[in-house]
Structure formats: structure tokens, C-alpha cells
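Here is the structure we will look at, set down as C-alpha cells.
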Amino acid sequence: MKKTIQHEKLSVAICGGSGYTGVELLRILSGHPQVKVTAVTSEKSAGKKVSDLFPHLQKYANLTYEPMNKIGLLKKADLFFLALPHGASQEAVNFFFENKKPVIDLSADYRLSDPKVYQEWYGLPHKYQDILKKAVFGLPEIYRSKIKKAKLIA
Numbered sequence: 062m063k064k065t066i067q068h069e070k071l072s073v074a075i076c077g078g079s080g081y082t083g084v085e086l087l088r089i090l091s092g093h094p095q096v097k098v099t100a101v102t103s104e105k106s107a108g109k110k111v112s113d114l115f116p117h118l119q120k121y122a123n124l125t126y127e128p129m130n131k132i133g134l135l136k137k138a139d140l141f142f143l144a145l146p147h148g149a150s151q152e153a154v155n156f157f158f159e160n161k162k163p164v165i166d167l168s169a170d171y172r173l174s175d176p177k178v179y180q181e182w183y184g185l186p187h188k189y190q191d192i193l194k195k196a197v198f199g200l201p202e203i204y205r206s207k208i209k210k211a212k213l214i215a
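Residue numbers (the working numbering): 62 to 215.
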């Protein structure tokens, strides 16, 4: 994931980019000098330009929401942010993990390391407990060294 040329930007895709978390992530990334958002998904906003729906995001005037096609997204980004509802990220993380792509999951699906606690809180079982064990909670004050090496940050 580390780019070797300092001026080369990291290409990222945001899955679930029209909800509150996804839009806030777009806003934050719009000011990041080393990141280029190359794809953004939304089932309900597919075909619409990001800046048409969110005028404060004019940096993305040429970026259009697309349906979530995980296979198609693989070629578009080096890193994947997931801003999907809980339950939906389980499958997406598994897919990107199998394809050796790093993921930052902003949902709750990999935030709780104990599958029993996850089921208690969210009412559904966690299907990928082997991947769940590899997730690193993204709190840099405590897990900084683990985050640097992680392929899945929750």
C-alpha cells in the first residue's frame, strides 16, 4: 500500500459514499494531498455526480456514484474504505481481503473482536471470524504500531 514515489497519490474507493459517514469521509479526504478518490459507490445515488448531491464537495465534480460492483472496483483503487451498514461490510471485507486489498472499515462489522459480543449487539452472527481476528481497531493512541502493518483497520 505504501507508495514509493512521494508525489504519487494513493488511489482509494469509498463503498457507501452517500450516507453520513461516506460524505464526511469524502470531505476529509478532499483536503488530503496524498489521496485521490477514484471511485465511490451508492445504490440509491448511482449515476449522480457527488457534487450535484453535495455542493460543498466541488472537488469531486467529475466523480459519479456507481453501484457496488466489487470486481469492477478492484482495478480502480489501492485501498478501500467501507462506509456500509453493519452486516453489509462482512461480505465486502471478505472479498477485498481475498483479493489482497487493504481495507478501512468504518462500519461496526470488524470493530468488536469477540463474535459473541458482535451478535449480542447487532443481532446477527459474524460470518468471517478468521478475518475478525486480524482486524486492528483504528485508535492510533493505543494501536499505532499495529495500524502501520494492518491490512484491515476497523
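Glycine is no exception: its CB is placed at the ideal position from the N, C-alpha and C atoms.
Does the Cβ-Cβ distance between residue i and residue j come in under 8 Å?
| i | j | result |
| --- | --- | --- |
| glutamate 152 | methionine 129 | no |
| tyrosine 189 | valine 197 | no |
| isoleucine 75 | valine 101 | yes |
| alanine 215 | arginine 172 | yes |
| lysine 143 | glycine 80 | Inspection of the sequence shows that residue 143 is occupied by leucine rather than by lysine. Result no, Cβ atoms of leucine 143 and glycine 80 do not sit closer than 8 Å. |
| leucine 140 | leucine 71 | yes |
| valine 164 | leucine 213 | yes |
For residue i, count neighbouring Cβ atoms within 10 angstroms of its own Cβ and tell me buried if that reaches 16, exposed if not.
| i | result |
| --- | --- |
| alanine 122 | exposed |
| threonine 65 | The pLDDT assigned to threonine 65 is 48, lower than 50, so where the model puts this residue is not dependable; a value taken from the coordinates is nonetheless given after this. Classification for threonine 65: exposed. |
| lysine 162 | buried |
| leucine 167 | buried |
| asparagine 160 | exposed |
| valine 98 | buried |
| glycine 184 | exposed |
| serine 106 | buried |
| serine 150 | buried |
| glutamate 202 | exposed |
| glutamate 181 | exposed |
| valine 178 | exposed |
Taking 7 Å as the limit between beta carbons, can you name the residues of its chain near residue i, skipping five residues before and five after?
| i | result |
| --- | --- |
| leucine 118 | Leu87, Arg88, Ser91, Val111 and Ser112 |
| leucine 193 | Tyr171, Ser174, Pro176 and His187 |
| isoleucine 146 | According to the sequence as given, residue 146 is proline; it is not isoleucine. Result list for proline 146: Ser168, in chain order. |
| lysine 120 | Ser91 |
Which residues does DSSP list as the beta-bridge partners of residue i?
| i | result |
| --- | --- |
| valine 73 | Val98 and Leu140 |
| leucine 213 | Val164 |
| phenylalanine 125 | In the sequence under discussion, the amino acid at residue 125 is threonine, which differs from the phenylalanine named in the question. Lys110, per the DSSP bridge assignment. |
| valine 154 | Answer is none; valine 154 lacks a bridge partner. |
| valine 197 | Ile214 |
Quick check on the DSSP output: the beta strand (DSSP E) that includes residue i runs from which residue to which?
| i | result |
| --- | --- |
| aspartate 166 | 164-166 |
Got a sec, what are the start and stop residues for the alpha helix (DSSP H) residue i sits in?
| i | result |
| --- | --- |
| lysine 105 | Unbroken run through lysine 105: none, as it is neither H nor E. |
| glycine 83 | 81-91 |
| glycine 133 | 131-134 |
| proline 116 | Per DSSP, proline 116 belongs to no alpha helix (DSSP H) and is neither H nor E. |
| proline 176 | 176-183 |
Enumerate in chain order the residues of its own chain whose CB-to-CB distance from residue i is below 6 Å, with the five nearest sequence positions on each side excluded.
| i | result |
| --- | --- |
| lysine 109 | Tyr126 |
| phenylalanine 157 | Phe141 and Val164 |
| lysine 210 | none |
Can you list, in chain order, the residues of its chain whose CB lies under 8 Å from that of residue i, leaving out five sequence neighbours each side?
| i | result |
| --- | --- |
| isoleucine 208 | Val197, Gly199, Pro201 and Ile214 |
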